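For reference, the structure discussed in these notes is given below.
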Amino acid sequence: MVTATFRFYEELNDFLARPLRRRPFAYACARDATTKHAIESLGVPHTEVELILVNGESVGFNHPLADGDRVAVYPKFEALDIRPLLRVRERPLRVVRFIADAHLGGLAPLLRLAGFDTLYDNNFPDARIEALAAAEDRIVLTRDRELLKRRTITHGCYVRTLRPREQLREVFERLDLAGSAQPFRLCLMCNAPLRRIPRDEVGDRAPDGVLERHNQFVTCDVCRRVFWEGTHWQRMRALMDSVAATPAQSEAPNGRDASDARDASAPGVVP
């Protein structure tokens, strides 16, 4: 066995047993344990981790732990550019795509509304989600922390809030999506691209009176639904505008919890 001293920062503490939160603590590991093994055995999914420092040096998930190591584990930094320090992932995702698990059926169509390719099927087993995420470079969104611990899932986000609109805001803030959103690009039902069609192609796919009141229409070639800029569109536009404009909610500088504000500004050795 080897014993290392760990300190987790910010929202990563939510995954820890209460006595271990927001303080350094000693943890005994198997002699061949890696940082990933130890972090996840303490309850923190590796997808939630952005930076690991062992004795002040940035390391990856496969770094072997030694007796006496001091390990600091950080989530995503909103206010600091720490890219030169990052070692935990081989590469970023060039295109933001998601796959949502069965707990997030309300969030998936809202992400599609914002223009993000989002797979969702209430019947997807965890193994299928893992396989699709790996094959298609998708970020896994879930409320199941055990799913995020699967080895081949490299990018994921544990969604803490319960209501779909709050979940949308949470994901936008945590993943900094405002600049990447392209609203009204995808079908909310099918996740397929929408395309503009002339009014004379709408036919009987719109209710009586819609053709007389509107000139612009889009359709989904998968489900053949037709959409136009009615009152529902206006409500959805207002939602997108509010989400894109909402700053990250914070209780301390750098968007951090007040109890961690002292530590968040400068990654370093465990105090």
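In this note's numbering, the protein residues as written are 3 to 273. Think of the CB as a built atom: it goes at the ideal place given N, C-alpha and C, for glycine as much as any other residue. Small disclaimer: the values here were computed from a predicted structure and weren't measured.
- Beta-bridge analysis with DSSP links TYR29 to ALA6.
- Within the model, the alpha-carbon separation for PHE118 versus ARG187 is close to 8 Å.
- Counting along the chain, the unbroken beta strand (DSSP E) around THR120 starts and ends at 120 to 122.
- Judged by DSSP in its simplified three-state form, PHE219 adopts strand.
- Excluding five sequence positions before and after ALA40, the CB atoms of its chain that fall closer than 8 Å to its own CB belong to ALA6, PHE8, TYR29, CYS31, LEU67, VAL73, given in chain order.
- Contact annotation: GLY158 and GLU13 have beta-carbon atoms that are not nearer than 9 Å.
- Across the structure, LEU113 and CYS192 are spaced so that their CA atoms are roughly 12 Å apart.
- Put simply, of HIS234, SER60, ASN57 the residue whose alpha carbon is nearest the alpha carbon of LEU190 is HIS234.
- Within the model, the alpha-carbon separation for ARG130 versus LEU106 is close to 16 Å.
- By the Cβ-count criterion, CYS222 is buried, with 16 or more other Cβ atoms from all chains shown falling within 10 Å of its own Cβ.
- The beta carbon of PRO185 is closer than 8 Å to those of LEU115, ALA116, GLY117, MET238, ARG239, MET242 in its chain, skipping five residues each way along the sequence.
- Contact between the segment 98 to 105 and the segment 127 to 146 is present, with at least three C-beta pairs closer than 8 Å.
- LEU134: member of the alpha helix (DSSP H) spanning 128 to 138, first to last residue.
- Using a C-beta cut-off of 8 Å, the segment 143 to 154 makes no contact with the segment 205 to 218, since fewer than three inter-stretch Cβ pairs fall below that distance.
- Along the segment 54 to 82, the beta strand (DSSP E) occurs as fully enclosed runs of 3 or more residues at 59 to 61, 72 to 76, listed in sequence order.
- For ASP69 and ASN57, the gap between their C-alpha atoms comes out near 12 Å.
- Sorting ALA35, LYS38, ASP123, LEU44 by C-alpha distance to the C-alpha of PHE17 places LEU44 at the top.
- In its chain, beyond the 5 residues on either side, VAL220 have a beta carbon closer than 6 Å to the beta carbon of ARG198.
- Burial check for VAL228: the Cβ neighbour count within 10 Å reaches 16 or more, so the residue is buried.
- Sixteen is the threshold: since fewer than 16 other Cβ atoms of the shown chains lie within 10 Å of the Cβ of ARG215, the residue is exposed.
- Under DSSP, the beta-bridge partners assigned to ALA102 are TYR122, LEU143.
- The C-alpha of ILE141 lies about 27 Å from the C-alpha of ARG23.
- Counted as a single uninterrupted DSSP element, the beta strand (DSSP E) harbouring ILE199 occupies residues 196 to 199.
- In this structure, the CA atom of ASP128 is about 12 Å from the CA atom of LEU143.
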